[in-house]
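In our numbering, the protein residues as written are 23 to 293.
Yeah, the Cβ is synthetic: ideal placement off N, Cα and C, and Gly gets one too.
So the structure is just underneath, and the comments pick up after that.
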């Protein structure tokens, strides 16, 4: 848990963040959706990220109503769904990916697909595929007790979001409910690259730190090495999604590999 006592064992994601902070000054968390531009290519792209500077993978489950996703990710997930993507495909892809990498991989998913699949069944299949846990952007902590119980029983991470508009009590809920890290949303709105990272991110991370959060990742809008460096001056992880998906969309595996390397150069202490 993000505010656990020192005697508690760290999860693989927490350990990866701690190692990245010690060695590189912070972690690069890379997002790509399953199934884009094809299932096999999404596996290859995820492995490429893991081998080129990304410290934690965040793999998106394509969904028909992606209310928080920007245009780039929406296009990619629409392609995946049009190609016949199923939740079972995510677990088969995750199994292939985790067999090839040495970093933890989380699934980012809206909650409805988990409910439809069956919460315990989803968790069991996630464990079997080597996944580390879930990021659930539309599940709020006070409605997430069932998932937290199921995940805890299987030693899976459960990552909840915190926003600049969150009250102190809501931040406390996100901190207590999260294991792995607290996902600090850098700005209000949907995902997508931006020319600057909202200044609200810095103050949000400070508020989370003051309230006991030990592991914090900042996402939404990060697209350059300079922005990675900026975020890692105050957070444990910089989460990049749309910039990587855009690279994959326009230039394939080689382009997304180059983008990962560029972003990783923004770590305060280079590899």
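Quiz prompt | Alpha-carbon spacing of residue 253 relative to residue 101, whole angstroms | solution = To locate residue 253, count along the chain shown from 1; it is residue 231. To locate residue 101, count along the chain shown from 1; it is residue 79. Distance between the alpha carbons of residue 253 and residue 101 is about 31 Å.
Self-check item: Contact set for residue 57: own chain, Cβ-Cβ below 7 Å, skip 5 residues either direction
Solution: Here residue 57 refers to the residue found at position 35 of the chain shown. Counting only Cβ-Cβ distances below 7 Å, and skipping sequence neighbours, we find 64, 84, 102, 105, 107 and 111.
Quiz item: Just how far apart, CA to CA, sit residue 227 and residue 194?
Solution: As a position in the chain shown, residue 227 is number 205, starting the count at 1. As a position in the chain shown, residue 194 is number 172, starting the count at 1. Going by the C-alpha atoms only, they are around 13 Å apart.
Self-check item: Contact the region 138-158 vs the region 178-196: 3+ CB pairs below 8 Å
Solution: yes
Quiz item: Where does residue 34 sit, in a helix, a strand or coil, going by DSSP?
Solution: The residue labelled residue 34 in the question sits at position 12 within the chain shown. Correct three-state label for residue 34: helix.
Quiz prompt | From 60, 190, 137 and 244, residue whose alpha carbon lies closest to that of residue 99 | solution = Sequence index remark: in the chain shown, residue 99 carries index 77 (1-based). For residue 99, the nearest C-alpha among the options comes from 60.
Quiz item: Going straight from the alpha carbon of residue 34 to that of residue 203, what length do you get?
Solution: Here residue 34 refers to the residue found at position 12 of the chain shown. Here residue 203 refers to the residue found at position 181 of the chain shown. A straight line joining the alpha-carbon of residue 34 with that of residue 203 spans about 11 Å.
Quiz item: Under a Cβ-count criterion, where at least 16 other Cβ atoms within 10 Å of its own Cβ denotes burial, should residue 189 be classed as buried or exposed?
Solution: Along the chain shown, one-based indexing puts residue 189 at 167. Burial call: exposed.
Quiz item: With a cut-off of 8 Å, do at least 3 Cβ pairs link the region 66-83 to the region 41-50?
Solution: yes
Quiz item: Is residue 125 buried or exposed, if buried means 16 or more other CB atoms sit within 10 Å of its CB?
Solution: Mapped onto the chain shown, residue 125 falls at position 103. Classification of residue 125: buried, given that the 10 Å Cβ count is 16 or more.
Exercise. Could you give the DSSP three-state label for residue 181: helix, strand or coil?
Key: Here residue 181 corresponds to residue number 159 of the chain shown, with the count starting at 1. It is a strand residue.
Quiz item: Is the beta carbon of residue 129 less than 8 Å from the beta carbon of residue 267?
Solution: Counting from one through the chain shown, the residue named residue 129 turns up at place 107. Counting from one through the chain shown, the residue named residue 267 turns up at place 245. Their beta carbons are not under 8 Å apart, which means residue 129 does not touch residue 267 by this criterion.
Quiz item: Assuming residue 53 contacts residue 274 under a Cβ cut-off of 8 Å, what Cβ separation, rounded to an integer in Å, is found between them?
Solution: For the purposes of this step, residue 53 is taken as residue 31 along the chain shown, with counting starting at 1. For the purposes of this step, residue 274 is taken as residue 252 along the chain shown, with counting starting at 1. Going by Cβ atoms, the distance from residue 53 to residue 274 rounds to 17 Å, so no, they are not a contact pair.
Practice problem: Figure out for me which residue from 196, 247, 145 and 240 has the closest Cα to the Cα of residue 162. | Solution: As a position in the chain shown, residue 162 is number 140, starting the count at 1. Of 196, 247, 145 and 240, the residue nearest in Cα terms is 196.
Practice problem: Quick one: using the 10 Å Cβ neighbour count with 16 as the cut-off for buried, is residue 249 buried or exposed? | Solution: Indexing the chain shown from 1 puts residue 249 at position 227. It is buried - the Cβ of residue 249 has at least 16 other Cβ atoms within 10 Å.
Practice problem: Determine the direct distance from the alpha carbon of residue 118 to that of residue 149, and round the result to whole angstroms. | Solution: Numbered from its first residue, the chain shown carries residue 149 at position 127. Numbered from its first residue, the chain shown carries residue 118 at position 96. Going by the C-alpha atoms only, they are around 13 Å apart.
Quiz item: Which stretch, first to last residue, makes up the alpha helix (DSSP H) that contains residue 116?
Solution: Start at 1 with the first residue of the chain shown, and residue 116 comes out as number 94. Taken as a continuous stretch (DSSP letters only), the alpha helix (DSSP H) holding residue 116 covers 109-122.
Quiz item: Just reading off the alpha helix (DSSP H) that residue 139 is part of, what are its end residues?
Solution: Locating residue 139 in the chain shown gives position 117, where the first residue counts as 1. Where residue 139 is concerned, the enclosing alpha helix (DSSP H) stretches over 133-139.
Quiz item: Exposed or buried, what is residue 36 when buried is set at 16 or more other beta-carbons lying within 10 Å of its beta-carbon?
Solution: As a working note, residue 36 is residue 14 in the chain shown. It counts as buried.
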